[in-house]
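The next block holds one structure in the form of structure tokens; read it before the comments.
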Amino acid sequence: GNSVTQMEGPVTLSEEAFLTINCTYTATGYPSLFWYVQYPGEGLQLLLKATKADDKGSNKGFEATYRKETTSFHLEKGSVQVSDSAVYFCALRLRYNFNKFYFGSGTKLNVKP
Amino acid sequence: NAGVMQNPRHLVRRRGQEARLRCSPMKGHSHVYWYRQLPEEGLKFMVYLQKENIIDESGMPKERFSAEFPKEGPSILRIQQVVRGDSAAYFCASSTDRSRGNTIYFGEGSWLTVV
Chain A
12 GNSVTQMEGP VTLSEEAFLT INCTYTATGY PSLFWYVQYP GEGLQLLLKA TKADDKGSNK
72 GFEATYRKET TSFHLEKGSV QVSDSAVYFC ALRLRYNFNK FYFGSGTKLN VKP
Chain B
191 NAGVMQNPRH LVRRRGQEAR LRCSPMKGHS HVYWYRQLPE EGLKFMVYLQ KENIIDESGM
251 PKERFSAEFP KEGPSILRIQ QVVRGDSAAY FCASSTDRSR GNTIYFGEGS WLTVV
């Protein structure tokens with residue numbers, strides 16, 4: 012089947028620390044991969060995406076590379092800020108059924124000053 | 191340009207009552223999606239609708255749940271005879287079309303608590 016597994020949270024970091032949130036997937040077809048972010052009290056926002064193997068999505072200092080060989084799409088940021096505190100969701104969408112997303116359970120990030 | 195608007199944000203219902211969740215898509219969007227997030231789980235697809243049509247309801251529970259997106263007005267997710275297990279966050283999303291590259295935009299969610 013299709014599923015996404017991401018590391019459990021919460022992840023607590025100090026400001027300017029390096030961030031990695033792991034995400035791996037299983038898919039019956041060739042998926043596009045996404046990271047969504049949910050800030051407190053807000054809806055999910057698209058953070059970045061990658062549509063094919065070896066693509067790197069990036070936005071606001073966050074990056075993730077589509078690794079087909081390891082079926083992974085880990086989220087990284089070199090220096091986190093307090094304002095990055097949020098819940099991060101990894102998701103996939105299949106090319107033949109692009110109306111349906113499969114989400115991971117979310118990873119809460121707390122960044123302390 | 192307002193985003194996807196959901197209401198109510200929080201709803202408390204007693205077991206056996208009905209819950210109605212509303213979603214107004216972004217301006218110009220004619221495609222609506224509903225997702226459910228149970229505690230400690232990721233979002234799970236429920237249903238995909240266009241105006242006056244249900245396109246994919248493969249994620250909807252077989253009983254008590256229904257969804258509509260009328261020609262005029264918001265999309266409604268209706269849960270009849272709620273049970274404690276229906277307590278969850280319900281997210282609506284919308285998009286302009288169903289093309290492969292489309293971006294869908296999520297609302298802030300409606301939190302249903304069944305007591």
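Residue numbers (our numbering), protein chains in the order written: chain A, 12 to 124; chain B, 191 to 305.
Positions of the beta carbon are idealized from the N, C-alpha and C atoms, including for glycine.
Cβ neighbours of residue i in the same chain (closer than 7 Å, five flanking residues each side left out)
i               : result
R274 of chain B : R205 and V304
L57 of chain A  : F45 and Y47
R254 of chain B : I269, Q270 and Q271
G249 of chain B : K234, F235, M236 and V237
E298 of chain B : Q196 and R199
Rounded straight-line distance, which links the Cα of residue j to that of residue i
i               : j               : result
I294 of chain B : S90 of chain A  : 28 Å
K111 of chain A : Q271 of chain B : 27 Å
E53 of chain A  : R203 of chain B : 23 Å
E231 of chain B : L55 of chain A  : 15 Å
P251 of chain B : Q240 of chain B : 19 Å
S284 of chain B : T81 of chain A  : 32 Å
G193 of chain B : R210 of chain B : 20 Å
G72 of chain A  : N243 of chain B : 40 Å
R268 of chain B : M18 of chain A  : 33 Å
G68 of chain A  : Q207 of chain B : 45 Å
C101 of chain A : N197 of chain B : 26 Å
A257 of chain B : A28 of chain A  : 44 Å
Paired residues, beta bridge with residue i - DSSP
i               : result
Q17 of chain A  : A:C34
D246 of chain B : B:Y238
L57 of chain A  : A:Y47
A28 of chain A  : Paired residues: none, contrary to the question.
H221 of chain B : B:Q240 and B:S285
S214 of chain B : B:M195
N110 of chain A : In the DSSP output, where bridge partners are listed per residue, N110 of chain A has none listed.
R268 of chain B : B:R210 and B:S256
K88 of chain A  : A:L30 and A:F73
V22 of chain A  : A:L120
Element boundaries [beta strand (DSSP E), containing residue i]
i               : result
E231 of chain B : Counting along the chain, E231 of chain B falls outside any beta strand (DSSP E), and DSSP gives it neither H nor E.
A283 of chain B : A278 to S285
L76 of chain A  : The question names Leu, but residue 76 of chain A in the sequence shown is Thr. T76 of chain A -> beta strand (DSSP E) spans F73 to T76.
Y41 of chain A  : From DSSP, Y41 of chain A is part of no beta strand (DSSP E); its letter is neither H nor E.
T118 of chain A : T118 to K123
T303 of chain B : S300 to V304
A102 of chain A : A97 to L105
V202 of chain B : H200 to R203
Cβ neighbours of residue i in the same chain (closer than 8 Å, five flanking residues each side left out)
i               : result
V22 of chain A  : L30, I32, T118, K119, L120 and N121
G201 of chain B : The question names Gly, but residue 201 of chain B is Leu in the sequence shown. Counting only Cβ-Cβ distances below 8 Å, and skipping sequence neighbours, we find A209, L211, S300, W301, L302 and T303.
T39 of chain A  : G12, N13 and L105
Contact set for residue i: own chain, Cβ-Cβ below 6 Å, skip 5 residues either direction
i               : result
L44 of chain A  : A61, Y77, F84 and L103
D246 of chain B : Y238
Y223 of chain B : Y238 and A283
D66 of chain A  : Y77
K123 of chain A : S25
K88 of chain A  : L30, G72 and F73
**Message:** Please list, in chain order, the residues of the stretch 52-66 of chain A that have any C-beta partner in chain B closer than 9 Å.
**Reply:** Correct list: G52, E53, G54, L55, Q56, L57, K60 and T62.
Please identify, using Cβ separations under 7 Å, the residues of the stretch 246-257 of chain B that lie next to chain A, in order along the chain.
Among the residues of the stretch 246-257 of chain B, those with a Cβ less than 7 Å away from any Cβ of chain A are D246, in the order of the chain.
Could you please tell me which residues of the stretch 226-245 of chain B, in chain order, have their CB closer than 9 Å to any CB of chain A? Going along the stretch 226-245 of chain B in chain order, one finds Q227, E230, E231, G232, L233, K234, F235, Y238 and I245 with a Cβ nearer than 9 Å to chain A.
**Contacting positions in the stretch 88-115 of chain A - beta carbon closer than 7 Å to chain B** = Result list: F100, R106, F109, N110, K111, F112, F114 and G115.
### Task
Compile a chain-ordered list of the residues in the stretch 203-218 of chain B whose CB is closer than 9 Å to at least one CB of chain A.
Going along the stretch 203-218 of chain B in chain order, one finds no residue with a Cβ nearer than 9 Å to chain A.
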